[in-house]
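Here's the structure we're looking at; comments come further down.
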Amino acid sequence: TKWVYSFGGGKAEGRADMAELLGGKGANLAEMSFLGLPVPPGLTIVSDACTHYYLHNRNFPDGLKAAVVEGLQKLEQLSGRKFGGKANPLLLAVRSGSRVSMPGMMDTVLNLGLNDQTVAALADDTGDPRFAWDSYRRFIEMYGGVVMGLGHDIFEEILEDEKARLGRELDTDMTGEEWQGVVGRYKEMLEEEVGQTFPEDPMSQLWGAIGAIFASWTNPRALSYRLMHNIPADWGTAVNIQVMVFGNLGNSSATGVAFTRNPSTGVRELYGEFLVNAQGEDVVAGIRTPQSITERARIETGSDRPSMEKLMPEAFEAFLAVCNRLENHYRDMLDLEFTIERGKLWMLQARSGKRTAKAAMRVAVDMVEEGLITAADAVDRIDPSSLDQLLHPTIDPSARRDVIGTGLPASPGAASGEIVFTSEGAIAAEKEGRKVILVRTETSPEDIHGMQAAQGILTTRGGMTSHAAVVARGMGLPCVCGVGSLRVDMRNRELVAQGVKLREGDIISIDGSSGHVLKGFQPMLQPELSGDFERIMGWADRIRRMKVRTNAETPSDARAARAFGAEGIGLCRTEHMFFEGGRINVMREMILAESVEERRSALNLLLPMQREDFVELFEIMHGTPITIRLLDPPLHEFLPKSEEEIEEVAGRIGMASSHLRERIDALHEFNPMLGHRGCRLHISHPEIVEMQARAIFEAAVIAARKTGEAVEPEIMVPVVGLKAELDYVKARIDEVARSVIEESGMTIHYLVGTMIELPRAALRAHVIAEVAEFFSYGTNDLTQTTFGMSRDDASAFLPTYMQKGIIERDPFVNLDFDGVGELIKIAAERGRRTRPGLKLGICGEHGGDPSSIAFCEEAGLDYVSCSPFRVPIAKLAAAQATI
Ligand code: ADP
Ligand code: MG
Ligand code: MG
Numbered sequence: 002t003k004w005v006y007s008f009g010g011g012k013a014e015g016r017a018d019m020a021e022l023l024g025g026k027g028a029n030l031a032e033m034s035f036l037g038l039p040v041p042p043g044l045t046i047v048s049d050a051c052t053h054y055y056l057h058n059r060n061f062p063d064g065l066k067a068a069v070v071e072g073l074q075k076l077e078q079l080s081g082r083k084f085g086g087k088a089n090p091l092l093l094a095v096r097s098g099s100r101v102s103m104p105g106m107m108d109t110v111l112n113l114g115l116n117d118q119t120v121a122a123l124a125d126d127t128g129d130p131r132f133a134w135d136s137y138r139r140f141i142e143m144y145g146g147v148v149m150g151l152g153h154d155i156f157e158e159i160l161e162d163e164k165a166r167l168g169r170e171l172d173t174d175m176t177g178e179e180w181q182g183v184v185g186r187y188k189e190m191l192e193e194e195v196g197q198t199f200p201e202d203p204m205s206q207l208w209g210a211i212g213a214i215f216a217s218w219t220n221p222r223a224l225s226y227r228l229m230h231n232i233p234a235d236w237g238t239a240v241n242i243q244v245m246v247f248g249n250l251g252n253s254s255a256t257g258v259a260f261t262r263n264p265s266t267g268v269r270e271l272y273g274e275f276l277v278n279a280q281g282e283d284v285v286a287g288i289r290t291p292q293s294i295t296e297r298a299r300i301e302t303g304s305d306r307p308s309m310e311k312l313m314p315e316a317f318e319a320f321l322a323v324c325n326r327l328e329n330h331y332r333d334m335l336d337l338e339f340t341i342e343r344g345k346l347w348m349l350q351a352r353s354g355k356r357t358a359k360a361a362m363r364v365a366v367d368m369v370e371e372g373l374i375t376a377a378d379a380v381d382r383i384d385p386s387s388l389d390q391l392l393h394p395t396i397d398p399s400a401r402r403d404v405i406g407t408g409l410p411a412s413p414g415a416a417s418g419e420i421v422f423t424s425e426g427a428i429a430a431e432k433e434g435r436k437v438i439l440v441r442t443e444t445s446p447e448d449i450h451g452m453q454a455a456q457g458i459l460t461t462r463g464g465m466t467s468h469a470a471v472v473a474r475g476m477g478l479p480c481v482c483g484v485g486s487l488r489v490d491m492r493n494r495e496l497v498a499q500g501v502k503l504r505e506g507d508i509i510s511i512d513g514s515s516g517h518v519l520k521g522f523q524p525m526l527q528p529e530l531s532g533d534f535e536r537i538m539g540w541a542d543r544i545r546r547m548k549v550r551t552n553a554e555t556p557s558d559a560r561a562a563r564a565f566g567a568e569g570i571g572l573c574r575t576e577h578m579f580f581e582g583g584r585i586n587v588m589r590e591m592i593l594a595e596s597v598e599e600r601r602s603a604l605n606l607l608l609p610m611q612r613e614d615f616v617e618l619f620e621i622m623h624g625t626p627i628t629i630r631l632l633d634p635p636l637h638e639f640l641p642k643s644e645e646e647i648e649e650v651a652g653r654i655g656m657a658s659s660h661l662r663e664r665i666d667a668l669h670e671f672n673p674m675l676g677h678r679g680c681r682l683h684i685s686h687p688e689i690v691e692m693q694a695r696a697i698f699e700a701a702v703i704a705a706r707k708t709g710e711a712v713e714p715e716i717m718v719p720v721v722g723l724k725a726e727l728d729y730v731k732a733r734i735d736e737v738a739r740s741v742i743e744e745s746g747m748t749i750h751y752l753v754g755t756m757i758e759l760p761r762a763a764l765r766a767h768v769i770a771e772v773a774e775f776f777s778y779g780t781n782d783l784t785q786t787t788f789g790m791s792r793d794d795a796s797a798f799l800p801t802y803m804q805k806g807i808i809e810r811d812p813f814v815n816l817d818f819d820g821v822g823e824l825i826k827i828a829a830e831r832g833r834r835t836r837p838g839l840k841l842g843i844c845g846e847h848g849g850d851p852s853s854i855a856f857c858e859e860a861g862l863d864y865v866s867c868s869p870f871r872v873p874i875a876k877l878a879a880a881q882a883t884i
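First residue of the sequence shown: 2, per full-length UniProt numbering; consecutive thereafter.
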């Protein structure tokens, strides 16, 4: 095995595309060196060595030591210095660097190789004892922290004490002798605290640092970061051993960090900070306030401290040239670290710069115009999920945040408002023009209107797929779920946080992108869909093959989706329409009816309401296809639950409450998800599908007359497993169609299709396709039925599954390609064998998830359908899937 790769002197054994092996830092140092840029020479120990270290009881692999020693000789040659030398000593930076950047998570040790002898040699060489002793004390601080495990405070205390004793205000005011004094005290303290003398031997210093960096891969900070970002343990970290250059060698030296473009706006302007006479960590640590690199930025910030451009014009010009060279080479905006030693520029790090969604758009569009990348590259570079940032208000990042709890970031966007604990409260507040956040333990279908009236939703229970989360995402409302540290005390109408009690009417804010719950109002930044956004979306539209539809049932959702460019409705859930205002009571009468006549008379009341809904929807979506799903959920979902509600409903519909209770009991199901729902309802009570079909066709006639454009409804039958089920329901629909056509004298083109949400339907797709004119994959249910796992109950074990590595991704969020995906492909292939050109779509929540969308492209679907606010995300992801 080759454990060590070297770079330096215009050469490199590695390249930028070897980050898996060399880590991001090592790979890019190699690339820059290969390009002939000024990079201090160095070695990279491959990340496999770290993996080996953990697999073998924290032992270094055989051959590593020899390779490092050999590499060190190369560094000595290139630098003309000697490691541990009594003259001209070579000092090293030992730097961690994993495959993906984990900012601030792991450790770095600078100035390694200093001891009581080499420090004197360094002072001689440079003629600057102050610098030599300053470097030495920095080394002991870092080594003491990283390798010997001491906290930073303990060094800080000694330093403050010495400075006070000597009457020095700034670190830069300290003389060489004074730093020497600090070094002495540091060493005494180390012996006392650790019971070990400071290692003077440079080689043991080096192996101590390498081991500590391997060990830092599993420190608690790194562990939790990796967990959060899904970084597997076996990636390990590489270690870079690099010749030191000194930014603290007097006033012609400096260190800094810069972005080649503005990372928050994307504007093409060098953006960064530097510190004179300082070493690396000083810039980030905030010990001194850094200065602007460009004169322009200095003027903008009104600083009276000179810019690097003014102070070190030659180094500045050299740096500008490097920035341009690197941008042209990487064709990307970069985040750079550099040091200037006595006027000479050295590059220490390059990586792709993190940027806001807005900046990402701007940079991509500009780079297309600059001829650096193609439109397809630009489309490919935008993280679709980051569009959420652009489509919703966000909390002004410069505002002070008073976080009182953190839950799941269930639906993006942020909002402030008064606390209300009931849906009625939210609706009343909306009428008075007050803004509220609806705070509940959890929500249920009856809360839909309260949710709509609120600015945002907060629940103390429930996960990413809880009712509140799903509905909020659909409405484009910010939502934070499952904030376990908060408690809703309904009796006293209080929200209890650790140490804080908030009452109804108090103001809170939620940030559905971070999961934060904050006290008081927060200033918001409004979304702005700039020209850059439109251009990227325009390119995406040209590139993608699949259509993007929306899941919508209310006029406002449909309008929002159209504004975002939805190309039709892929799922209109008719049951949501029955929760509206007084309809729920008519619906209840229908459900509780004890004869077909009673049921028909209730349905007759629902018919005009439903028809009106469809007319409006057809008008808004005119010219696009609309898929309407027949009533799907088990009926008892519409019935009252609490005793209070039962009494009330009994009174309203004129039924004895004891009788009502009996009827509710009779409708009770042990497992409603697998019970009397979907097409089973329409087969038991065909009058329901007949009413719905009539409402749809009559609405189609009315809307067509109004808009002059024909409406071609696609009627979708849910929970089909048998062809005969679909036969039966389709016959009812066709019959109604015939009579509406006859009554109206107008032809109506319509399709009848089915959801594919049961494994049996997927397997029998070739037979079902004899009847079905389209398929729509209901992947929420298909995932539940394939896994045999209820998504409402999965939160009890899925997190454990993920923690223990039993399953990698939540299949309700990211489509399970192997199992559910296989069924999707089987159904597509078998369905199209019977009916070539069979229209295929997806309408589960996966329709808005970029990785699932990529799968749909591969499976040959015609469209995906998602909630209105995810339409742009889906369009972008659909385009990327073709690249
Ligand atoms: P991180 O991954 O936390 O950014 P780095 O390995 O980049 O850690 O090191 C942090 C800082 O240490 C760098 O920004 C740089 O200023 C300084 N540094 C790293 N390597 C060298 C070096 N060879 N010479 C001088 N300073 C260095
Ligand atoms: Mg760095
Ligand atoms: Mg379903």
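Heads up, the beta-carbon is just placed ideally off N, CA and C, and yes, glycines get one too. Please read all numbers here as calculations on a predicted model, not as lab measurements.
Alpha carbon of residue i to alpha carbon of residue j, nearest angstrom
| i | j | result |
| --- | --- | --- |
| LEU76 | VAL244 | 7 Å |
| ALA725 | ARG761 | 13 Å |
| ALA878 | SER659 | 54 Å |
| GLU370 | GLU142 | 48 Å |
| ARG402 | HIS517 | 9 Å |
| ARG100 | ARG435 | 49 Å |
| ARG543 | ILE749 | 32 Å |
| THR2 | PRO673 | 58 Å |
| LEU44 | LEU123 | 22 Å |
| GLY845 | VAL814 | 10 Å |
| TYR802 | MET103 | 25 Å |
| PHE320 | TYR272 | 12 Å |
Contact set for residue i: own chain, Cβ-Cβ below 7 Å, skip 5 residues either direction
| i | result |
| --- | --- |
| VAL834 | Before going on, a small fix: residue 834 reads as Arg here, not Val. Only HIS767 meet the Cβ criterion. |
| residue 1 | A question about residue 1 goes unanswered here, because the residues of the chain that appear run from 2 up to 884. |
| ALA875 | VAL549, GLY848, GLY849, ILE854, VAL865 and CYS867 |
| ALA594 | ARG600 and ALA603 |
| ARG560 | ILE621 |
| VAL364 | ARG262, GLY267, MET334 and ARG356 |
| ILE734 | VAL690, ALA694, ILE716 and VAL753 |
Contact under 7 Å by Cβ, residue i with residue j
| i | j | result |
| --- | --- | --- |
| SER412 | CYS480 | yes |
| PRO41 | VAL246 | yes |
| VAL437 | ALA455 | yes |
| ASP863 | LYS826 | no |
| PHE619 | ALA696 | no |
| CYS51 | THR238 | yes |
| ASP384 | LEU526 | no |
| VAL497 | ARG504 | no |
| GLY27 | ASN231 | no |
| MET747 | VAL718 | no |
| VAL737 | ALA694 | yes |
| ILE185 | ARG131 | First, the amino acid is wrong: residue 185 is Gly here, not Ile. No, the Cβ-Cβ distance between GLY185 and ARG131 is not below 7 Å. |
| VAL183 | GLU158 | no |
| MET149 | ARG222 | no |
Below-7 Å beta-carbon distance, residue i vs any chain D residue
| i | result |
| --- | --- |
| ASP154 | Protein chains in the displayed structure number just one, and chain D is not present. |
Proximal residues to residue i (C-beta, below 6 Å), its chain only, five neighbours per side dropped
| i | result |
| --- | --- |
| VAL120 | ALA133 and TYR137 |
| HIS677 | PRO635 |
| GLY418 | LYS436, VAL437, ILE438 and GLN456 |
Neighbourhood of residue i by C-beta distance below 8 Å, restricted to the same chain and skipping five residues each side
| i | result |
| --- | --- |
| MET452 | SER424, ALA427, LEU439, THR444, ILE458, ALA469, VAL472, ALA473, MET476 and LEU478 |
| LEU759 | VAL720, VAL721, GLY722, ASP782, LEU783 and THR786 |
The segment 500–510 in contact with the segment 380–392 per 3-pair CB rule at 8 Å: no
Residues proximal to ligand 2 by C-beta, any heavy atom closer than 6 Å: This criterion selects GLU338 and GLN350.
Segment contact flag, the segment 729–748 with the segment 788–799, C-beta cutoff 8 Å, min 3 pairs: no
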